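Colleague:
Protein chains: 6
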Amino acid sequence: MTASKPSSRSFQPVSAFDSPRYAGAATFMRLPLLGLDASDIDAVDIGIVGVPWDGGTTNRPGTRHGPRQLRDLSTMLRPIHPATGMNPYTICNVADLGDSPVNPADVMDALTRITGFYAGLKARGITPLSAGGDHLMSYPILKALAADGPVGMIHFDAHTDLFDDYFGGFKYTHGTPFRRAIEEGYLDPKRVVQIGIRGTMYDGSDVAWGLEQGVRIIRIEEFEERGVDDVMAEARAIVGDLPTYVTFDIDSLDPSVAPGTGTPEVGGFSTREAQRMVRKLAGLNLIGADLVEVSPPFDPAGGTAWVGISMMFELLCVLAASPATRKSA
Amino acid sequence: MTASKPSSRSFQPVSAFDSPRYAGAATFMRLPLLGLDASDIDAVDIGIVGVPWDGGTTNRPGTRHGPRQLRDLSTMLRPIHPATGMNPYTICNVADLGDSPVNPADVMDALTRITGFYAGLKARGITPLSAGGDHLMSYPILKALAADGPVGMIHFDAHTDLFDDYFGGFKYTHGTPFRRAIEEGYLDPKRVVQIGIRGTMYDGSDVAWGLEQGVRIIRIEEFEERGVDDVMAEARAIVGDLPTYVTFDIDSLDPSVAPGTGTPEVGGFSTREAQRMVRKLAGLNLIGADLVEVSPPFDPAGGTAWVGISMMFELLCVLAASPATRKSA
Amino acid sequence: MTASKPSSRSFQPVSAFDSPRYAGAATFMRLPLLGLDASDIDAVDIGIVGVPWDGGTTNRPGTRHGPRQLRDLSTMLRPIHPATGMNPYTICNVADLGDSPVNPADVMDALTRITGFYAGLKARGITPLSAGGDHLMSYPILKALAADGPVGMIHFDAHTDLFDDYFGGFKYTHGTPFRRAIEEGYLDPKRVVQIGIRGTMYDGSDVAWGLEQGVRIIRIEEFEERGVDDVMAEARAIVGDLPTYVTFDIDSLDPSVAPGTGTPEVGGFSTREAQRMVRKLAGLNLIGADLVEVSPPFDPAGGTAWVGISMMFELLCVLAASPATRKSA
Amino acid sequence: MTASKPSSRSFQPVSAFDSPRYAGAATFMRLPLLGLDASDIDAVDIGIVGVPWDGGTTNRPGTRHGPRQLRDLSTMLRPIHPATGMNPYTICNVADLGDSPVNPADVMDALTRITGFYAGLKARGITPLSAGGDHLMSYPILKALAADGPVGMIHFDAHTDLFDDYFGGFKYTHGTPFRRAIEEGYLDPKRVVQIGIRGTMYDGSDVAWGLEQGVRIIRIEEFEERGVDDVMAEARAIVGDLPTYVTFDIDSLDPSVAPGTGTPEVGGFSTREAQRMVRKLAGLNLIGADLVEVSPPFDPAGGTAWVGISMMFELLCVLAASPATRKSA
Amino acid sequence: MTASKPSSRSFQPVSAFDSPRYAGAATFMRLPLLGLDASDIDAVDIGIVGVPWDGGTTNRPGTRHGPRQLRDLSTMLRPIHPATGMNPYTICNVADLGDSPVNPADVMDALTRITGFYAGLKARGITPLSAGGDHLMSYPILKALAADGPVGMIHFDAHTDLFDDYFGGFKYTHGTPFRRAIEEGYLDPKRVVQIGIRGTMYDGSDVAWGLEQGVRIIRIEEFEERGVDDVMAEARAIVGDLPTYVTFDIDSLDPSVAPGTGTPEVGGFSTREAQRMVRKLAGLNLIGADLVEVSPPFDPAGGTAWVGISMMFELLCVLAASPATRKSA
Amino acid sequence: MTASKPSSRSFQPVSAFDSPRYAGAATFMRLPLLGLDASDIDAVDIGIVGVPWDGGTTNRPGTRHGPRQLRDLSTMLRPIHPATGMNPYTICNVADLGDSPVNPADVMDALTRITGFYAGLKARGITPLSAGGDHLMSYPILKALAADGPVGMIHFDAHTDLFDDYFGGFKYTHGTPFRRAIEEGYLDPKRVVQIGIRGTMYDGSDVAWGLEQGVRIIRIEEFEERGVDDVMAEARAIVGDLPTYVTFDIDSLDPSVAPGTGTPEVGGFSTREAQRMVRKLAGLNLIGADLVEVSPPFDPAGGTAWVGISMMFELLCVLAASPATRKSA
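Chains as they are written, first to last, in the working numbering: chain A, 1 to 329; chain B, 330 to 658; chain C, 659 to 987; chain D, 988 to 1316; chain E, 1317 to 1645; chain F, 1646 to 1974.
(1) Does C/A959 have its Cβ less than 8 Å from a Cβ in chain B?
(2) Count the other C-beta atoms from every protein chain shown that fall within 10 angstroms of the C-beta of F/T1735, then say buried if there are 16 or more, exposed otherwise.
(3) For D/F1154, which residues in chain E fall below 9 Å Cβ to Cβ?
(4) Since E/G1680 contacts E/V1367 with CB under 8 Å, what's their CB separation in whole angstroms?
(5) Anything in chain B within Cβ reach of E/P1368, meaning under 9 Å, just list it in chain order.
(6) Note down, in chain order, every chain B residue with its Cβ under 9 Å from the Cβ of D/G1049.
(7) Give a yes or no on whether 8 Å exceeds the smallest Cβ distance from D/D1096 to chain C.
(8) Taking beta-carbon pairs under 9 Å, can you tell me which members of the region 1404–1421 of chain E lie near chain A?
(9) Taking Cβ-Cβ distances shorter than 7 Å, what residues in chain C pair up with B/R527?
(10) Going along the chain, which unbroken runs of the alpha helix (DSSP H) with 4 or more residues stay wholly within the region 855–912 of chain C?
(11) Excluding the 5 residues preceding and the 5 following C/M970 in the sequence, name in chain order all residues of the same chain whose CB lies nearer than 6 Å to its CB.
(12) In chain order, what residues of the region 1131–1163 of chain D put their CB closer than 7 Å to some CB of chain B?
(13) Are A/I336 and A/Q213 touching if we call contact CB-CB under 8 Å?
(14) Grouping DSSP H, G and I as helix and E and B as strand, with all else coil, what is C/L949?
(15) Where does A/D96 fall in DSSP's three states?
(16) C/L787 touches chain B at which residues, Cβ-Cβ below 7 Å?
(17) Compare the C-alpha of B/T458 against each of B/A649, B/V560 and B/W538 and name the closest.
(18) Comparing C-alpha positions only, which one of A/R191, A/M277, A/S205 and A/M201 sits nearest to A/D241?
(19) Is F/G1707 near F/S1940, with beta carbons less than 8 Å apart?
(20) How close, in whole Å, do the beta carbons of F/L1931 and F/T1889 come, if the pair is a contact with beta carbons under 8 Å?
(21) Contact defined as beta carbons within less than 8 Å: I believe F/V1838 pairs with F/I1863. What is the distance between those atoms, to the nearest angstrom?
(22) Taking the beta strand (DSSP E) that D/F1150 falls in, what are its first and last residues?
(23) Can you tell me whether DSSP reads E/I1357 as helix, strand or coil?
(24) Buried or exposed for E/D1473, going by 16 or more other Cβ atoms inside 10 Å?
(25) Looking at chain B, which residues of the region 914–942 of chain C have a Cβ within less than 7 Å of any of its Cβ atoms?
(26) Is it the case that the region 1053–1068 of chain D contacts the region 1021–1029 of chain D, given that we only count it when at least three CB pairs across the two stretches are under 8 Å?
(27) Work out the CA separation of F/V1739 and E/L1478 for me, nearest whole Å.
(28) CB-CB under 8 Å to A/S270, same chain, minus the five flanking residues each way: which ones, in chain order?
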C-alpha cells in the first residue's frame, strides 16, 4: 500500500448546515472534485469515479448518463452510516475524481482509456468506487486492478454477464465482461460468486461455461430459500482473505425498486436485502467496487439513482473498512 | 384433443442474435402472427391472443390499450425459463393469433364476438393464453371454453369480481364476470379458488355470495400467514385433475410493482411470490389462462406491462406442460 | 368527552352506485365538507383535516399540495375495512372539515393558526385525522391536543425528527417537531416510540437526545429482526392505556411504494407491514392521528397519495375504535 | 329571463390572501359548491358544471376524469380578466353546481340524466358553463337548452363531430353529437360554424353532410390564411343576435399546448389564437358554453387542464357579458 | 420504373370501423406487413421501413426504439389527407416492409446491411419511406438509392449534419452523413437545400464546408423572415425536376412540439409550418423520404412519435404523387 | 471598471471532442468552477451564479432546484452563437462561480446573504449572469449592483412582480421584488420596461402602482400587435445608454415551451420570439442578467431547463458584448 502524501485540503462533504443539500454543482457525496493531475492527488485514499459510457449495451441504451444523475442524488446523503455509526470520511480521504475518459464512438479505444485511468489510480494507491455506465466497464477496471494477478469477485446481478459473444461475434458487450476477465486472467473463477441471477435465458451457455470454470452461481430462488445471512457467509468463504472486487448491478434489485435500467428482470432483491448483503462484506480484503447500469432516461425523476447512490454509500463504508484501503484521514 | 396439422412455418421467436430485441413490428414473444384463417392455423398448439377492450370498466379506463403494450414489452423476453430450463417453443407450436374481435360501443355485442373467437380456438384444439383488457373478458372466454361443462379456476386478484350488478342493474362489468360464469354454469364454484383478495369493500355481498356457492377465498392476510407453498398446495387440491382455467389480474400484485392498472389496492403480492405461485401450477390440467387489467395510460413507460408479460411467460410454461395442451413442436 | 349534538345531515360517503367514484368535487372519503362554523359541527365525531403547508421543509418542498391530492385519491376508497369488516361511518360521524388555516409566508404565524384550529376541534370533542403537509405540522397539533398534559405517541418514520435546530439556529423545521413537543411538555418522552428509523445520519445528536429523554427508538434493522407483531406488542406496552397520538410519515414506507416524498430513505416498510402495524393499534386510547409528507410534485400520477390515503383509512378505523372517540352514528 | 332570488351567500372565489391557492377542497374557481336542491339555488346566474363521462369515446378513454382535474387547476386562477379588466364575479353570481349525473355503464341512460340536469338549470334561469367529459355530452346539453327551438353554435375543434354512426351502427359517440343535434332540431345548421378542423379523414362523409345542411366549416388552413379577426367576424355574422351556444374542444389546440386529450391532431391553435378568438365572442347572445375532451391520464401533471381552465375563464367572461345571462351580483 | 406484379392482397389499412384503432399488432398505418421474400413483394409501390438503429448517436441515445413507437402511433391515422383529399392507398400499393437489418454492435456492418436492404427495394422498384433511427441512416439509404448517380435532397433539420469527424476521427456519426454522401457522390451538393438550421455551433466548419460545396443552407432566421412559401419555392427551384430525396429530422421542429429527441434546439418549426412545407413538395420527382431522430425514452407517452408519424403521412402523400413512384392501386 | 488580474487557467468550456457532453460533474457551460476565494478570481469577467432558493414563492415551490438542473442541461450547449457567430468565451473570461449562499429557513437572512455575495462580485468587477431560483432573488441582486445609484431594467415576464405585500403583510415574496427595488432606490422606474405581462389578475394594484411610478408595461396583446422589433426598439429607447439589468422570467414563455415553472400563464412567448428579443439587447450597457423560475419538480426530464439555459446563452452573449463588461480573454 502506497503511503499517502499530506494535503491541506479538507476531504469532508459540504455540510447541509452550511449550504442546503440541493445547492452547488453536484459532486459525489458533496466531496471535493480532483483530477489525477491535482498536486495533492496522492492524499486521496478512496476515489469515486464516474464511467459515462454504455458502449457495451445491446438493448436499451442510456447508462452513459448514469454518473451525472448519481452525483445529483448523492447530495441527499448524510455522512454517517445509520446501522454501524461509521463516518467513512473520518477514516479515509475520499474524493470525487471526476469521470474516467471514454470514447463514445469506439469500444476498443474506450476500454483502453478506462484501463489507463484505473491503472493511474492503482499506481497512486487509490481504491476506486465507480459509478456506471454499463457493465462492460467492469472489465477494463478489473484489467487495471488485477495487473498483479487474478482477484476474487462478489457479483450482485440478475445476469451472469458470462456470454461469449453477441450478434455476429462481437466479444465486448455488457453481457460478456466477466468471461473476458476470466479468460484473460483478471478474475480467479474459483473466487467468483454471483448472487441474484434470474430472468429468461437465451440458451444457458453462459451459466454452463461459468460453472465449468468454477464460478459459484446463486440463483434468486436459492437466495430466497436460504436467506441473506447464509448466502453471504458462503460468499465470504469463497473469496476468503485475498483481494476481492465487488460489482453491484442495479438490475439485481427488483424493477419496482429500480426501474431506471435497461434490462430489468422481475423478482429481484429488495433494498433491505441488498443493504444487508453489502453490510456483510465488512472486513473483507476489498480492492474496489462499482455500481452499474443506472439509466436516467428510464427514470428521469431519479428514484433509481437514489437507490443506486444509497448502495454506493454502503459500498463506500465497506471499502473504508477494508484492510486494503489506505486510511489517511 | 385435436391432432395438429403439419406446417412448414417455424414457430420460433425471432432470435435476438439475428435481429435486436427492439427491432421489428412487435408480436407476442416475437412469434409468428397468424389469423384464424391462416392455412396452417391447425398447427398451432398455444395461441396468444389480445383482447383490446375495457367495456366492463367502472372506474379508471385504459386497459383496451393493454395488448399493444404487452406485445411491445414481450420482445424483451428470451426463450428459456430461468428456473426450470424449459423452452416452451420446443414443446409446442406457439403463435400470436392477433386480437379477438371486440366492439367498443356495445358491451353485449363484444361479449358475443369474444365468445365466438374463442369457440373457434377451441374447435381447432388451440389452448389460449390471453392478454387483457379488463377482467370482464374472462367471462366470454370461459363461456367458449366451458362449452362442454363447468371448469375449475385458479384466480389471482385483489378483488373477487363476484358482484351481482352495478349502477342501476348493469350485469356485465369487470366486477361481475365470475358471478355470471358461475350462474351460467361455466365455472364449478367448488373448484374455484381466489387468492390475494384485499382492499376496502362496498358491502361484502360479493364475498358472501361466493362463499355460499363454495368458492374458496384466500385473503391476503391468510396468504401471508401461510406462505406460497401451503396456499398453492390447497389450490391444487381444490381444482384437482379436472380441466382448470387460470386468471391472473395484474392488480393482485402490489401497486409498487404494477402501478399501471385501474383499481390498485395496496398490500399485494411481490413478483417473487407471484412467480412462485404460478410455477406451482405445473402439471395441472390447464385449458387456458389470461392476464388482465394492464392499463398503459397509467404507466406509459411500460414497467407494469413488463411485469405482466413476465407473468404471461410463466403462464405459457405451465400451459405448455399441461396434459390438456397439444404438443406439436 | 363532549356529547355530540343532533344533525339531520347524513355523514355517509357518496355511494359509487349513485355517482361514480371519479365524479364530483373531491372531499375526503366523499364525506360531507363542513367548516367549523357549520351549525351542526358538534355532530361530528371524527374530523378529517388537511394541512396544506410545508413551511418546515429543509430540502425538497411540495407537501403543501398533499391534502388536495389525498382528497382526490380518497374517492377510490370503499366504506368497509377488508380484514375486520368495520364500517367506520356506521360507528362515528365522520366529516371533511376542510383545511386548517396556515400562512405560507410566516412559519411562526402558521404554527399559531394551526394550533388554534385544532384547539377548536378539541373544544368540540372532535377527534382529528390529519393529512399533511410536512411533519412540522404535528407539533402545533400536539400543542392543541395536549393542552391538558403530555400525551404518548406512536411514530412511524424513517427519521426521528428530534433535531435541535437547523441552518443557523432555526428551531422549527420538519426535522425538529418532536424535540420541541417534548421540551414544551406536549409529549411524554417515556411514552413515545419511533418505528422504522433509518437513513444516513448527520451526527446522531437527534438519537442521543431522544434516548436520553426515554424515547424508544426501534430502527428498521431491529424491526426486521423481530417482526411486526413483536414490535407492536412493545409499542402498545409503551403507550399503555393513556391518551396517545399516532403520526405516520409516508417516508417510513419504502420509496418504491411511496416515491412522492421529499426525503426518501431506501429499505423501508412494505405496505403489508404498515397495514399490519396500524391494525395492531386497535383498542388503544387514541386521541388523533396524522399522515404526513406526501409530496405531489414528486408523484403527480398519485400512486403515493393512494398509499397515503389507504393508510389514512386504516388510521380512521382504529380512531373509530378508540375509547377516546365519540360515537354518534 | 327568470329573476334570481336573494341569497345571503357570498358568490366570490376564496381569496388567495385568505387561504393559499393550493389549500382547500377544490371547487371550480374556488367558488361555493351548491346542489340543485340548495335553498338559494335560484340566486345563481352562471353555474359551472362537470360532466364526468366518456361514454362516447371510441379510441383513447379518460375524459371522465376531466372535471376533477379542471377543478384542481382552476384554483390557480385569479378573479380579473387580464385584457378587459372584467371581474365576472362582480357581475353575476357564479357557483360550482357539482357534476351532472351520468351513467358509466349505459350511454342512453347517461344522455337522459344529463339532459334532465340541464333542463333543471334552464328552468331556474341558470346559464351553464360545462367541463367535460367527451364531446358527446354537448348533445344532451343542447337538447335541454334548445327546448324552445334550435340554437346557433360556434364550435372550436379539430373534428367536425358530424359523423353518422360508428362501428356497426352506433349512433351516439363523441364523433356524432352535432349530427344528432341537427337532425333532432336542437341546432340550426345555418347558424353553426366550425373552426380549426384538421387531421386525417375517414371518408369525408361528415364534412359533406355538414356542408349540405349549411354548416360553415373553416378548416385550419383557411383560418391560418385569414387570421383570427377575419374569421371571427364571419363567425359572429353567422350566428347573429339569436341564442348561441359555444363549444370548445381542447383538441382544437395544438397537441404541444394540450397533449392530454384522446384524439390529438397536429397543427392546431396556439393559446394566443384561442384566447383572441374567445374574446371576440363578447356581446353575442350566448346561452351556454362547454370545454370538453381534457383527459387527465394523458397529462397527469395537469398542463392541459391548466390550458383548459384558462379557456373556461375566457368563456366565463363572455358568458357574464352575454345579454342572455342574468346578472344578480 | 419497374412494372409491379399482381397480388391478391389488399393493400388497405385495417378500417377503424372493423377493428378499433388501438387493436391488433401495430404495423405502419395498419398496413399489411411483408418481408422482401414475400411472393407478392413486387406488387408494392411504396414500402414503409423502420431502421431501429442509433449507432451514429454521439450524445443522448434512444432512437433505436423509434420505429416501434412510430408504428404504435401510426394506428391513430385515418386514410385521407385533410387538405388535399388524397387517399394515398387508392393510388399506390403501400406496405409495411418491416425493419431494415442493422447491427447494434458494429457501425460499419450496420451501414452495409442497410445499404443492402435498400438496394433490394430499389431493384424491385419500391419507393422507400423510412422511420428512424438516428440521422446517420440516411447515408446508407442514399448510397443505395443513388447507385445510378447523385441525387438532390431537401433536408429539414436543426443541424447541417455536415461535420467531418467526431471524437478522434470517427467518420460515421449522425453529425456526418451528408458530408460522406457528398464526398462519395450520392448527393449533388448544388441540389441540396437545408432548412431550419439553428442551435449553438462548435466551430462552423460544417457550414463552411457545405457552402463551399454549393449546399444551400437556410437558417431559421431567414426562414422566419421569408415565410414558408417563399422558402419552399426556392427549395423546389434548387432540386428541380431531377430525382430528389427528402429527409426530415424531427429536431427541425420546436422542442415543445417534439421533445422526444436527442439533440433538441429551441426556436424550431411549428407543426403548421412543417405541414405546409411538406405539402409544397407535391409534384417533385421524389425517390424516397425518411423521418429520423424520434427517441422514445425521452417521450414515452408518444407525443413526439405522433408528430413524427403525422409528418410521415404528409411525406407518404407527396411520395404517392411523385412521378417517380409506381402506382399500382 | 476594475482591471482583471492574470490567470494561468483556461476559461474555455470542456470540448465535446475531448469528453462527451454528458460526461463529468456538471458546471455551467462546462466552464471552470471557482469560489470567490480562488486566487485568480479577479481574472473572471462574467460569473455565472446559481441562486438555489425559493423563499419568496407563494404557490408552487421547487425553483430552489433550478440551478442544479440548469447546470446539467448547460452541458448540451456548444460555444458559438448560431446567428451572430460570436464565441463569448473568446471575448471574456467566463466561469461558474458556484451558488450564492442562501438560507432556506429565513427569508431576510437569505436576502442579506445574496446581496453580500453579489456585492463581492461587483467589488471584483465581475458581471453576474444568474440562474434561479424564484424571482425574489432579483431584489437582493439589484440591491448589490445598484449600490451606486438606481439602474434601468428590461423585464421579460408574465407578471409585473410589483405587488406590495402578500398574505397578511409579508413584503418579500416573488410577487414583490421590483416594488421593493423601486421603493428602495435600486431601480429607476422610468427606465424599467416589462414585456409579456398577462394572466388573470388579483386587483390590478400592481399595474396601477407601476404605471404611477413610470414603469412601462407592455402586455402580451400589445406585443403581439406590434411585433418583436418594434417593441424592442422602444425598450432600448427606454433604458438608453445608462446601466441596465435584464431579468428573464421563464414564465414569460408559453407553458407549452416551458411547463416547469410554478405560475404558468397561457398565451406566452415562443422561443423564437424570445431569442429575437434578447438578441436585440446587443450593445446596451448591461450590468448583469438573470433567468429565474425554472422549477425542476414540474419538469424532471429537463425540457424547461433546456429552454432556460438556451436563453441564458443568449443573455451571456449580450453581456459579453456589453460595454460594461470587462473583456480579458
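Positions of the beta carbon are idealized from the N, C-alpha and C atoms, including for glycine.
All values derive from a computational prediction rather than experimental measurement.
Modeller: Reading from the atomic positions:
(1) As a working mapping, residue 959 of chain C is identified with position 301 in the third sequence. Closer than 8 Å: yes.
(2) Translated into the one-based positions of the sixth sequence, residue 1735 of chain F becomes position 90. Exposed is the call here.
(3) Working through the fourth sequence from its first residue, we reach residue 1154 of chain D at position 167. Close partners of D/F1154 in chain E (Cβ separation under 9 Å): A1332, F1333, D1334 and P1336.
(4) With chain E covering 1317 to 1645 only, the question about residue 1680 of chain E has no answer from this structure.
(5) Taking the fifth sequence and counting its residues from 1, the one referred to as residue 1368 of chain E is at position 52. In chain order: S348, P349, Y351, A352 and G353.
(6) The residue labelled residue 1049 of chain D in the question sits at position 62 within the fourth sequence. For D/G1049, the neighbours in chain B by C-beta distance under 9 Å run, in chain order, R389, P390, G391 and P626.
(7) Taking the fourth sequence and counting its residues from 1, the one referred to as residue 1096 of chain D is at position 109. Residue contact with chain C for D/D1096: absent (no Cβ-Cβ distance below 8 Å to any residue of chain C).
(8) Those residues of the region 1404–1421 of chain E that come within reach of chain A (Cβ to Cβ, closer than 9 Å) are N1419, P1420 and A1421.
(9) As a working mapping, residue 527 of chain B is identified with position 198 in the second sequence. For the C-beta of B/R527, the chain C residues within less than 7 Å are, from N- to C-terminus, P740.
(10) Counting only runs of 4+ residues, the alpha helix (DSSP H) found wholly inside the region 855–912 of chain C occupies 863–871, 878–884 and 886–897, in chain order.
(11) Taking the third sequence and counting its residues from 1, one reaches residue 970 of chain C at position 312. Once the five neighbours on either side are set aside, the close Cβ partners of C/M970 are L949.
(12) Legend: CB atoms of the region 1131–1163 of chain D lying less than 7 Å from CB atoms of chain B belong to residues Y1153, F1154, G1155, F1157 and T1160.
(13) Residue 336 of chain A lies beyond the range of chain A shown here (1 to 329); nothing can be said about it.
(14) Within the third sequence, residue 949 of chain C is the residue found at index 291, counting from 1. Strand.
(15) Here residue 96 of chain A corresponds to residue number 96 of the first sequence, with the count starting at 1. A/D96 falls in the strand class under three-state DSSP.
(16) Looking up residue 787 of chain C in the third sequence gives position 129. Close partners of C/L787 in chain B (Cβ separation under 7 Å) are lacking, with about 16 Å as the shortest Cβ gap.
(17) In the second sequence, the residue the question calls residue 458 of chain B occupies position 129. The question names Thr, but residue 458 of chain B in the sequence shown is Leu. Here the closest residue by C-alpha is B/A649.
(18) Along the first sequence, read from residue 1 onward, the residue named residue 241 of chain A stands at position 241. Per the C-alpha coordinates, the member of A/R191, A/M277, A/S205 and A/M201 positioned closest to A/D241 is A/R191.
(19) As a position in the sixth sequence, residue 1707 of chain F is number 62, starting the count at 1. As a position in the sixth sequence, residue 1940 of chain F is number 295, starting the count at 1. Yes; because the gap between Cβ atoms is below 8 Å, this pair is in contact.
(20) Taking the sixth sequence and counting its residues from 1, one reaches residue 1931 of chain F at position 286. Taking the sixth sequence and counting its residues from 1, one reaches residue 1889 of chain F at position 244. The Cβ separation is near 6 Å, so the contact holds.
(21) Position 193 of the sixth sequence, counting from 1, holds the residue named residue 1838 of chain F. Position 218 of the sixth sequence, counting from 1, holds the residue named residue 1863 of chain F. Yes, they are in contact, since the Cβ atoms of F/V1838 and F/I1863 sit about 7 Å apart, within 8 Å.
(22) Translated into positions along the fourth sequence, residue 1150 of chain D becomes position 163. Where D/F1150 is concerned, there is no enclosing beta strand (DSSP E), given that its DSSP letter is neither H nor E.
(23) Counting from one through the fifth sequence, the residue named residue 1357 of chain E turns up at place 41. Residue state, collapsed to three classes: helix.
(24) In the fifth sequence, the residue the question calls residue 1473 of chain E occupies position 157. Buried.
(25) Within the region 914–942 of chain C, the residues whose Cβ lies closer than 7 Å to some Cβ of chain B are S914, V915, T929, R930 and Q933, listed in chain order.
(26) By the Cβ criterion, the region 1021–1029 of chain D is not in contact with the region 1053–1068 of chain D, since fewer than three pairs of Cβ atoms, one from each stretch, lie closer than 8 Å.
(27) By 1-based counting over the fifth sequence, the position of residue 1478 of chain E is 162. By 1-based counting over the sixth sequence, the position of residue 1739 of chain F is 94. One C-alpha to the other measures close to 29 Å.
(28) Looking up residue 270 of chain A in the first sequence gives position 270. Only L253, D254 and V257 meet the Cβ criterion.
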